[in-house]
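Number of protein chains: 2
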Amino acid sequence: MKDLKGKLLSIVGKDLAEIEVALTDNLNPYLEIVSDIAKHILFAGGKRLRPLLMVLSARICGYKGGYDKIFSTIFEYLHAATLLHDDVVDGAKLRRGKPVANSIWKNSTVVLTGDFLLARGLSIAAATKKPSIIKIVAEITENMSQGEIEQLLRKGDINITEEEYRKIIWRKTAVLFQGACRISARLANTSKREENAVSSYGYNLGMAFQMIDDLLDYTLDTKALGKGVGVDLKEGKVTLPVIHALKEADLKDRLRMEAIIKNKKFSIPKFKLLIELLKEYGGISYAEQCAKDHIKQAKESLLVFKPSETRNILEYIADYTLLRKS
Amino acid sequence: MKDLKGKLLSIVGKDLAEIEVALTDNLNPYLEIVSDIAKHILFAGGKRLRPLLMVLSARICGYKGGYDKIFSTIFEYLHAATLLHDDVVDGAKLRRGKPVANSIWKNSTVVLTGDFLLARGLSIAAATKKPSIIKIVAEITENMSQGEIEQLLRKGDINITEEEYRKIIWRKTAVLFQGACRISARLANTSKREENAVSSYGYNLGMAFQMIDDLLDYTLDTKALGKGVGVDLKEGKVTLPVIHALKEADLKDRLRMEAIIKNKKFSIPKFKLLIELLKEYGGISYAEQCAKDHIKQAKESLLVFKPSETRNILEYIADYTLLRKS
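Here the protein sequences line up with chains G and Z, keeping their order.
For what it's worth, numbering that gives the first Met the number 0 labels the leading residue of the first sequence as 0, then goes sequentially.
For what it's worth, numbering that gives the first Met the number 0 labels the leading residue of the second sequence as 0, then goes sequentially.
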């Protein structure tokens, strides 16, 4: 695991360094406070996964235009915008172990900086001069905002189905991964076959990424996420391990699980009991298997491309997504 | 005044009706709650000035493409998005006499619906398939968010200069008017000369619109705005009448005015005294004159076009902007 991460970082180090520079260079606000707030969220230890995926997808599709790093900022700016808006509305105090922006600046200024980042992402998309690319970027934002809203609406709803869960995480997370990859293919003017291949890679990686993220709520035993274990559940987020276990459980255990979930101030022993029940009914292993299946599909999508270092890196990223613990 | 409004509405009635239909038809969310919130703000008695300007500018530039109403929704969606975000962050209870969206729905859902509307505006812009148009729309949003932030930052700052005030209202308001007009010229593929003419019209109209809006805080004697008199000042918004009067006043009166402005819980007699001082030092008449000058320039810009009913309507709108009392 550690080896994989180290290996990955050494290979993509130059790309990541260039992405960091592009994130600063293309922000371009005229107000210092916008720059401060945007940088607070942008340079808070994010993994740059979304821009990196875009850069690597562009490379595997043969893009030679030299603007990949600039265009890759779109996906980090959109992501940062949603984080700023999330933090304002959900009342959390920390993000990645740092105080949230709205604990330092006013809510109003933070919301408006989020709007600026959304607009900035779209301005940079417009600079591609390709309407089909711009359309994808705008639609990503439409989907993300609605995915977030649907998740809010379904908070605490134990009747959510696996299919509904999958749609929500697609809109909320995978759409951005998928879009980053698809756009890179469009920039490269590659074949539809290659475009669909990287798009499928991004989609499956994004789905697995969110499934693993949701699993961490039950499998982490540290505060490595910058948030406590069981936090999603306390917020009422009913995710795949729970959905599956509730479906599989007998009536008695289903009621026991529901009682814990509905009482948002559950104790640690109750939460441990829930985890035992999730394990007993295969909720944890099922969600892990679903994530694995998506990673398998992500890697298979890449077989359209001939073997290369870039293909290897994309495969490593897929493997790493599955193994990540933070 | 009433005659002018009636005349205007009778001439543009068909356009306005088509804009109403387009605003519903192009919203296109998949979540009902997004539709409900968006419609709450979109159909709350807005004047549709921004889409109407776009439609009329397109017409005077000879646009025949038939998509003017669809593209005009961009400007109402962006405007509505900023209103939703404003209401969440500024804590007002009413907007146009109706409860604000975030008093009915959760802040989080309202912020995200604002994001959806921003994205929707940009998606529709992408449908023009003209990158230069899309770029203008994205830049409008960058400017609006930063204009709002700058206004927030300068709250209560009595040292704001007229030049700074003008830049803020340009970003916050006039950029959208100007953009709506400029884009219509681009859609029509008209000459640069005509494009600059409608753009100048939009810019000047937007500047006058905001100056008049700011003046209403001091000149209204009813609650026709859906907000009380002196509300902007209580929020710390230092606008042109005050900026000018502070500059012109002798030291004693300047200090009297500053004392009233700084005490945000000023009494009605104190506010009346302030208005007297604003009048004495020409703050009200100066701001009125500035608005008039912009309207004069707006109308002069139109002289590039030969006389037509559309030119007449744009002139009426300019005159109406100056006379509006709500």
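Where a beta carbon is used, it is the ideal one built from N, C-alpha and C, also for glycine.
- In terms of beta-carbon proximity, Gly113 (chain G) lines the interface with chain Z, with at least one pair separated by less than 9 Å.
- Tyr29 (chain G) has a beta carbon lying within less than 9 Å of a beta carbon in chain Z.
- Nearest C-alpha to Ala173 (chain Z) among Z:Ile294, Z:Gln288, Z:Leu117: Z:Ile294.
- Only exposed fits Lys271 (chain Z), as fewer than 16 other CB atoms lie within 10 angstroms of its CB.
- Spanning the alpha carbons of Ser107 (chain G) and Gly90 (chain G) requires a straight line of approximately 14 Å.
- Sequence-distant Cβ neighbours of Ile40 (chain G) in its own chain, meaning closer than 7 Å and more than five residues away, are Ala79, Leu82, Leu83, Ala100.
- No residue range can be given for Lys129 (chain Z), since it is assigned to no alpha helix (DSSP H) and is classified by DSSP as neither H nor E.
- In this structure Val237 (chain Z) is in contact with Asp156 (chain Z), their Cβ atoms being roughly 6 Å apart against a cut-off of 8 Å.
- Interface annotation, Thr160 (chain G): not in contact with chain Z, CB-CB separation never under 9 Å.
- Pairwise C-beta distances place the region 131-146 of chain G out of contact with the region 144-164 of chain Z, as fewer than three of them are shorter than 8 Å.
- Contacts between Asn106 (chain G) and chain Z, judged by CB atoms closer than 7 Å, involve Val88 in chain order.
- Remark: C-beta atoms of Lys298 (chain G) and Ala317 (chain G) approach each other more closely than 9 Å.
- Measuring C-alpha to C-alpha distances from Leu30 (chain G) to each of G:Ala57, G:Gly96, G:Lys68, G:Leu111 identifies G:Leu111 as the nearest.
- The DSSP-derived three-state label of Arg58 (chain Z) is helix.
- Using a Cβ distance threshold of 9 Å, Tyr76 (chain Z) and Leu116 (chain Z) count as a contacting pair.
- Under the Cβ distance rule, His39 (chain G) does not count among the residues neighbouring chain Z, no pair being separated by less than 9 Å.
- Per DSSP, the beta bridge partners of Leu93 (chain G) are G:Pro98.
- With respect to the 9 Å criterion, Leu322 (chain Z) and Leu48 (chain Z) are not classified as neighbours on the basis of their beta carbons.
- Interface annotation, Thr127 (chain Z): in contact with chain G, CB-CB separation under 9 Å.
- Boundaries of the alpha helix (DSSP H) harbouring Tyr217 (chain G): 191-218, taken from the DSSP string.
- Out of Z:Gly113, Z:Lys105, Z:Val109, Z:Asn142, the CA that lies nearest to the CA of Ser122 (chain G) is found in Z:Asn142.
- For Glu149 (chain Z), a Cβ of chain G is located within less than 9 Å of the residue's own Cβ.
- A direct Cα-Cα distance of roughly 31 Å separates Ile159 (chain G) from Gly120 (chain Z).
- Taking 9 Å as the threshold, the shortest C-beta distance from Glu141 (chain Z) to chain G falls below it.
- Boundaries of the alpha helix (DSSP H) harbouring Val109 (chain G): 106-125, taken from the DSSP string.
- The beta-carbon of Ala80 (chain G) is placed less than 9 Å from the nearest beta-carbon of chain Z.
- Note on geometry: alpha-carbon atoms of Lys269 (chain Z) and Asn203 (chain Z) lie some 33 Å from one another.
- In this structure, Gly201 (chain G) and Leu52 (chain G) form a Cβ contact; the two beta carbons are roughly 6 Å apart against a cut-off of 8 Å.
- Counting only runs of 4 or more residues that sit fully inside the region 229-307 of chain Z, the alpha helix (DSSP H) segments are 230-233, 239-247, 250-261, 267-279, 282-300, in chain order.
- Taking all protein chains in view, the Cβ of Lys261 (chain G) is surrounded by fewer than 16 other Cβ atoms within 10 Å, so the residue is classified as exposed.
- In the displayed model, Tyr29 (chain G) falls within coil according to three-state DSSP, outside both helix and strand.
- Inclusion of Gln145 (chain Z) and Pro28 (chain G) in the CB contact set at 9 Å is warranted, their separation being smaller than that value.
- Using a Cβ-Cβ cut-off of 9 Å, His293 (chain Z) does not count as an interface residue toward chain G, since no Cβ of chain G sits closer than that to its own.
- Per DSSP, Ile168 (chain G) is one residue of the alpha helix (DSSP H) stretching across 161-168.
- In this structure, Leu273 (chain G) keeps its C-beta atom at 9 Å or more from the C-beta atom of Ile59 (chain G).
- Considering only beta carbons, no part of the region 245-266 of chain Z lies closer than 7 Å to chain G.
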